[in-house]
Amino acid sequence: MCTALTPTKVGSLAADLAALLDHDGYLLLRGVVPEAWRDLLHAAFEAGVVGDEQWAAPKAPGWRHALVDLNPTVRETCRLPTLLSVAGHMLEGPFFLAQVEGREPLPDGGHQPLHRDGAGLRAVSAMVFLDDYGPANGATRVVPRPLDQGDPDETLSQTLAGQAGDILVFDADLLHGATRNVSGARRRSLLLNFLPERDRAAEDAYRAVRDVRMDNGEVFTP
């Protein structure tokens, strides 16, 4: 169920960040999640973990998945001003939060082939890291836009590293993929996406399949 709201105005992205985003196709926002929220987000993740058989659509093996979209701290994290300004810069028009869920690679699991969340689509994906991350515990690797030759090429990918509270925001058409969690250390994250408002009707048709429970009627405007 979606409730239409008065559009929420989104601030402009700083010029230096906008230039970096336009060049690379992604932006890693360091430490933007308030530290006071992090224990609450950990608790929301743990409370939301459900078995693969409880999801409407099959989930990839090697991962722990969590239903978190009704949690108020998760929702506020998805509305952080800097995150919204990045999404607004990329989408250049009214947009909405389509989905948010929790994911964590299991020990020795999590590896994904390089892929695009939405090849040719106008959409924004984001990952909110709830734990420190790097090559040892399943961090995401990306192929920056200038290096993208069209087909996936592992030699061009770069594995990211950082701390809990970082947010990776990227074009849904950017090649990326998780690495294997070889250390077994925790690497929880929130995965979310923003879509143009014009795509709402099509996306709403799949709410049940995507296990979307939240009211996502809020519209953001750059």
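Using my numbering, read the sequence shown as starting at 37 and increasing by one per residue.
Where a beta carbon is used, it is the ideal one built from N, C-alpha and C, also for glycine.
Quick check: what's the CA-CA separation for residue i versus residue j?
i: A276; j: M163; result: Residue 276 lies beyond the range of the chain shown here (37 to 258); nothing can be said about it.
i: P143; j: P43; result: 42 angstroms
i: D209; j: E71; result: 31 angstroms
i: D251; j: W73; result: 22 angstroms
i: M37; j: F230; result: Low local confidence applies: a pLDDT of 48 at M37 is under 50, so the model's placement there is unreliable, with the coordinate-based value given in what follows. Between M37 and F230, the C-alpha separation is close to 18 angstroms.
i: V196; j: R115; result: First, the amino acid is wrong: residue 196 is Leu here, not Val. Each residue's alpha carbon lies about 23 angstroms from the other.
i: K45; j: T118; result: 12 angstroms
i: L56; j: D189; result: 22 angstroms
i: D202; j: D75; result: 15 angstroms
i: D88; j: R234; result: 32 angstroms
i: F132; j: V248; result: 13 angstroms
i: P97; j: V218; result: 15 angstroms
i: V122; j: P141; result: 26 angstroms
i: T216; j: F165; result: Note that residue 216 corresponds to Arg in the displayed sequence, not to Thr. Rounded to whole angstroms, R216 to F165 spans 16 angstroms at the Cα level.
i: R222; j: H101; result: 13 angstroms
i: N107; j: A50; result: 29 angstroms
i: G170; j: H212; result: 15 angstroms
Nearest CA to the CA of residue i: which residue from the options?
i: N173; options: A155, W99, L64 and V86; result: W99
i: A146; options: L228, G61, A51 and R224; result: According to the sequence shown, residue 146 is Gly rather than Ala. Minimum Cα distance to G146 is reached at R224.
i: L192; options: Q199, G198 and D184; result: D184
i: Q199; options: G67, L53 and A93; result: G67
i: F256; options: H78, V248, G129 and N107; result: G129
i: R111; options: D88, W91, A93 and G138; result: G138
i: L127; options: D58, A221, D240 and Q194; result: D58
Determine the contact status of residue i and residue j, defining contact as a CB-CB distance below 7 angstroms.
i: P180; j: D60; result: yes
i: A92; j: A237; result: no
i: V160; j: Y62; result: no
i: P232; j: G124; result: no
Kindly say whether residue i, judged by its beta-carbon, lies nearer than 7 angstroms to any beta-carbon of chain C.
i: L103; result: Among the protein chains of the structure shown there is no chain C, as only one such chain exists.
Run through DSSP, which three-state label would residue i get?
i: E140; result: strand
i: S12; result: Past the edges of the chain, shown from 37 to 258, lies residue 12, and the structure says nothing about it.
i: D207; result: strand
i: R216; result: coil
i: V110; result: helix
i: M37; result: Note that M37 has pLDDT 48, beneath the 50 cutoff, so the model's placement of it is unreliable and no number is given.
i: G198; result: strand
i: M126; result: helix
i: H147; result: coil
i: T42; result: coil
i: Q185; result: coil
i: G98; result: coil
Report back the beta-carbon spacing between residue i and residue j to the nearest angstrom; my notes put them in contact at under 8 angstroms.
i: F148; j: A214; result: Contrary to the premise, residue 148 reads as Gln rather than Phe in this sequence. Rounded, the Cβ-Cβ distance is 5 angstroms, consistent with contact.
i: V205; j: L65; result: 7 angstroms
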